Amino acid sequence: MFDALSEKLELAWKKLRGQDKITETNIQEALREVRRALLDADVNLQVVKRFIEEVREAALGSEVIMGVNPDQQFIKIVHDELVKVMGDANVPIAQASTPPTIILMAGLQGSGKTTTCAKLALYLRKQGKKPLMVAGDIYRPAAIDQLKTLGQQIQIPVFDLGKTDPVEIARQGVEAARQQGCDYVILDTAGRLQIDLEMMAELERVKATVQPHEILLVVDAMIGQEAANLTQAFHERLGITGAILTKLDGDTRGGAALSIRQVSGQPIKFIGVGEKVEALDPFYPDRMASRILG
Ligand code: GDP
């Protein structure tokens with residue numbers, strides 16, 4: 001499963017074969033290989049440092065299992081720690097005790113936010129739910145039409161008021177969902193090219209007005225190590241409840257995934273794996289661990 005890293009670690013361990021104990025000195029080289037693998041996967045340096053310390057502690061605290069090579073045992077420790085950092089299991093989307101469940105989608109322009117609104121709506125409908133999408137990205141010129149077109153394509157209604165106050169759009173959108181007996185309302189919001197105070201202030205106002213059950217940060221996996229800063233900025237201001245990592249069909253090794261939970265404590269709930277509206281999968285930490293290790 002972790003062929004590339006396995007090979008490198010095997011070299012690091014070769015001279016240690018026959019030793020029956022993992023020690024501070026004999027894991028140095030192996031830790032260096034893990035560090036390199038993570039940096040190659042474009043994981044943020046601070047995140048890597050913290051992770052390596054955790055692996056070191058776990059490895060030193062572990063007993064050598066008879067009959068298992070230390071390199072294999074070490075790899076298992078790394079894998080298990082990666083999974084732990086990303087949250088063990090898949091965390092499903094929230095469900096409000098009184099519908100509709102309100103989902104606010106946040107993220108930078110181009111991250112895939114509008115597309116992901118439609119993907120999520122389709123996913124929920126396949127679960128037997130009734131979603132409504134709300135077109136709240138009033139700044140990116142084509143965003144409202146884009147969401148409406150996607151809505152037509154998957155036959156899921158889109159609420160829109162044109163280019164008016166985004167807070168009012170969200171408020172009325174939630175009200176419409178309530179009146180139409182929808183289970184979920186997915187609010188598309190305006191992104192900017194960079195983290196921006198105005199964008200954050202606007203999202204805060206939308207949050208205060210509709211009090212969403214989920215605030216999902218949409219993160220483009222291609223931004224790699226930048227995901228740490230991005231997540232931190234959004235989490236500090238908004239208090240995200242989870243993330244969706246998009247564009248994992250590209251050649252990224254998914255290092256961004258490692259930063260998100262470590263920085264915010266919140267799980268990745270879904271991954272985007274293509275441009276098509278069906279291309280959304282629940283996030284599984286163990287699969288991502290394999291991908292990151294390469
Ligand atoms: P927004 O500005 O955040 O609303 O971004 P869009 O939803 O318009 O997406 C920007 C571009 O990314 C579009 O061309 C989408 O088709 C593309 N996109 C979104 N998600 C994915 C994904 O998971 N994989 C791929 N390959 N492209 C995606």
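Residue 157 in UniProt numbering sits at position 157 of the sequence shown, and the numbers go up by one each step.
From the three backbone atoms N, C-alpha and C, an ideal C-beta is built for every residue, glycine too.
No experiment lies behind these values; they were computed from the predicted model shown.
Asked: Gln225 CB to nearest heavy atom of ligand 1 below 8 angstroms; Found: no
Asked: Top-ranked residue by Cα proximity to Ile156, from Ala118, Val218, Ala96; Found: Ala118
Asked: Nearest-angstrom Cβ-Cβ length linking Val210 and Ala170, presumed shorter than 8 angstroms; Found: 5 angstroms
Asked: Same chain, Cβ closer than 7 angstroms to Glu24, five either side skipped, listed in chain order; Found: Leu60
Asked: Closer than 8 angstroms: Lys148 CB and nearest ligand 1 heavy atom; Found: no
Asked: Residue from Leu147, Leu193, Thr114 with nearest C-alpha to Thr246; Found: Thr114
Asked: Whole-angstrom C-beta distance between Gly255 and Val43, which should lie under 8 angstroms; Found: 4 angstroms
Asked: Alpha carbon of Asp160 to alpha carbon of Met105, nearest angstrom; Found: 16 angstroms
Asked: Proximity below 9 angstroms, CB of residue 309 to CB of Pro92; Found: The shown model of the chain, from 1 to 294, leaves out residue 309, and the question about it has no answer.
Asked: Backbone secondary structure at Gly242 - three-state DSSP; Found: strand
Asked: Counted within 10 angstroms of its Cβ, other Cβ atoms place Met288 as buried (16 or more) or exposed; Found: buried
Asked: Nearest to Pro70 (by Cα), restricted to the options Ile22, Gln95, Glu53, Lys84; Found: Ile22
Asked: Top-ranked residue by Cα proximity to His235, from Met200, Ala257, Lys129; Found: Met200
Asked: Beta-carbon proximity check, Pro285 vs Asp40, cutoff 9 angstroms; Found: no
Asked: Assigned secondary structure, Thr164 (DSSP; H/G/I helix, E/B strand, else coil); Found: coil
Asked: Closer than 8 angstroms: Leu248 CB and nearest ligand 1 heavy atom; Found: yes
Asked: Contact check, Lys269 vs Leu230, beta carbons under 9 angstroms; Found: no
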